[in-house]
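Here is the structure we will look at, set down as structure tokens.
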Ligand SMILES: Cc1cc2nc3c(=O)[nH]c(=O)nc-3n(C[C@H](O)[C@H](O)[C@H](O)COP(=O)(O)OP(=O)(O)OC[C@H]3O[C@@H](n4cnc5c(N)ncnc54)[C@H](O)[C@@H]3O)c2cc1C
Ligand code: SF4
Ligand code: SF4
């Protein structure tokens, strides 16, 4: 990405949409909408001072919702260009409220609340579509109880968990434990606040809240005028305090037993090789599950992983050896199986009910964390992109090509590469991208010669 950003012959138009395409191969006019960032790209240094002071916190989709970000942010730290952007749905100023502290803080004077979208026309000879993929939504398979069970996550979420810059800083904390810790933090705050209110009453009347409350509820309150005035309020505050204290104590007690997840289950083909969804193999998921299990073991040598799948498709140079190494050195077991259901076990542990197809037996096993290897699905806006480009999609929603010319879409001069064509891993996507770029050059040269 850095090379692309620095290349003198490449103009990078990030945060932009293609809205119209006219003309033909060799002579297209593409209309691009450069979306308003509300940050001047040529002034912003990416220092992040605005983010530090912004009071608005929202869910961070880059971290799959397991962390928060501010209303002025950069999508991820290494993004090119290293410009920040204001979120128009959450920024206080852009939603009609008072704020603007980021603008005051920005020494580069880059924040511009008045910025608007800009339309740009580009003359281009050829186009390469590289819009990639979306992960399959596992909620479509209710038997796996994704979102219902906190400790069932996708492989993409697990990637973020394994990352040192991710929400857990590389520790494999169970989501249910993290949620409990968030609840403890909220309850502790409420507990401190209610304790302060009780302290004021205790100081004023010279007795403990417990002593007062026992007398109040037994109707034996020997009350002076002052206490009679405060009694109902004090009792209500004390009751509310107890309602916080009990769950807080319970949660704090259970938090003492929290450890990182050590027994991991990976479920393959979630949405792939499944006639209800995508009948094809998503190609990369067997390898990314093995990779994730190996990294998890590198983080903590006690980690044990079981990969549940119909078979392991380690297709590629050195891939089979990688799979075997994972088994020998990283505590990974490969279970030929089909998982029928995940249920809730003790301590929020997911329980897998599966058929062991080697032994032809139905089995049950409890894990700390389950990771779903979701299918490679077409990007949600693919239909709209295809309409603007005037090209066709295949029956699954990926861009259609001729098998004999796998980079050529149904319109001359428009090429496709990577997962917007079909599932493939990074090396294959990169190789295809180079090929598509070469095809694009050929198309431009052909029309240059003809004119
Ligand atoms: C959990 C997980 C782990 C993986 N780990 C590995 C691994 O270790 N090694 C490996 O080789 N592969 C791995 N893969 C596969 C890898 O992610 C893909 O091979 C690779 O991302 C494909 O690259 P791509 O450029 O085709 O698509 P993408 O990486 O999806 O990039 C497409 C880009 O296009 C942008 N885009 C989409 N629509 C538009 C639009 N309309 N206009 C402008 N931009 C748009 C998207 O925002 C995105 O930035 C993994 C996949 C998963 C799910
Ligand atoms: S907008 Fe200003 S404060 Fe924010 S990152 Fe850019 S230069 Fe820094
Ligand atoms: S103006 Fe918007 S982006 Fe800037 S600090 Fe306030 S809420 Fe955050």
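In the numbering used here, the protein residues as written are 13 to 463. Using N, Cα and C, we set each Cβ at its ideal position, and we do this for glycine too. For clarity, every value in this text was computed on a predicted model and none was experimentally measured.
task = Look at the Cβ atom of residue 98, then the Cβ atom of residue 84, and state whether they are nearer than 8 Å.
result = yes
message = Can you check which of these residues, 430, 38, 391, is closest to residue 134 by C-alpha distance?
response = 38
Proximal residues to residue 414 (C-beta, below 7 Å), its chain only, five neighbours per side dropped = 420
task = Specify, as a first and last residue, the run of the beta strand (DSSP E) that residue 145 falls within.
result = 145 to 147
Counted within 10 angstroms of its Cβ, other Cβ atoms place residue 140 as buried (16 or more) or exposed = buried
request  = May I ask you to verify whether the region 269 to 284 touches the region 292 to 300, counting CB pairs closer than 8 Å and requiring at least 3?
outcome  = yes
task = Report yes if the CB atom of residue 315 is closer than 8 Å to the CB atom of residue 343, and no otherwise.
result = yes
Run of the beta strand (DSSP E) containing residue 28, from where it starts to where it stops = 28 to 36
Cβ-based burial, residue 213 [other Cβ within 10 Å; buried from 16] = buried
request  = Please report the residue range of the alpha helix (DSSP H) in which residue 389 lies.
outcome  = That residue, residue 389, is in no alpha helix (DSSP H); its beta strand (DSSP E) goes 388 to 390.
ask   = At which residues does the beta strand (DSSP E) containing residue 71 begin and terminate?
value = 69 to 71
key: For residue 280 and residue 336, believed in contact at Cβ under 8 Å, the rounded distance   = Not quite, the Cβ-Cβ distance comes to about 17 Å (not below 8 Å), so this is no contact.
Residue burial classification, residue 251 (beta-carbon count within 10 angstroms, cutoff 16) = exposed
task = Find the nearest neighbour of residue 122 within the set 94, 107, 261, judged by alpha-carbon distance.
result = 94
request  = Go ahead and pull the three-state DSSP assignment for residue 273.
outcome  = coil
message = Just checking residue 96 against ligand 2 - is the residue's beta carbon closer than 7 Å to any of the ligand's heavy atoms?
response = yes
query = Anyone know if the C-beta pair for residue 412 and residue 146 falls short of 8 Å?
reply = no
request  = Return yes when at least one heavy atom of ligand 3 lies under 7 Å from the C-beta of residue 357, else no.
outcome  = no
query = Does the Cβ of residue 456 lie closer than 7 Å to at least one heavy atom of ligand 3?
reply = no
task = Rank 67, 368, 143 by C-alpha distance to the C-alpha of residue 388 and give the top, closest one.
result = 143
ask   = Sorted by chain position, which residues of the same chain lie with C-beta nearer than 7 Å to residue 210's C-beta, five sequence neighbours on each side aside?
value = 221, 249, 250, 253
task = Give me the Cβ distance between residue 228 and residue 217, rounded to the nearest whole Å; I'm assuming they're in contact under 8 Å.
result = Wrong, their Cβ atoms sit about 12 Å apart, outside the cutoff.
request  = State the beta-bridge partners of residue 382 as determined by DSSP.
outcome  = 164, 277
key: Cβ separation of residue 162 and residue 200, assumed to be a contact under 8 Å, to the nearest whole Å   = With 8 Å as the limit, residue 162 and residue 200 do not qualify as a contact, their Cβ atoms being about 21 Å apart.
key: Range covered by the alpha helix (DSSP H) that runs through residue 460   = 438 to 462
Sequence-distant residues of its chain with Cβ nearer than 7 Å to residue 151 (five each side left out) = 158, 159
request  = Measure the alpha-carbon distance for residue 456 versus residue 46 and round it to whole angstroms.
outcome  = 25 Å
request  = For residue 389, verify whether its CB is less than 7 Å away from any heavy atom of ligand 1.
outcome  = no
inquiry  = Within a Cβ cutoff of 7 Å, which residues of the same chain sit near residue 69, ignoring the five residues on either side of it in sequence?
reply    = 80, 82
request  = For residue 344, name the three-state secondary structure that DSSP assigns.
outcome  = strand
request  = Starting from residue 412, trace the beta strand (DSSP E) both ways and give me its first and last residue.
outcome  = Run containing residue 412: none; DSSP gives neither H nor E here.
task = Determine contact between the region 17 to 28 and the region 46 to 66, defined as no fewer than three beta-carbon pairs at a distance below 8 Å.
result = yes
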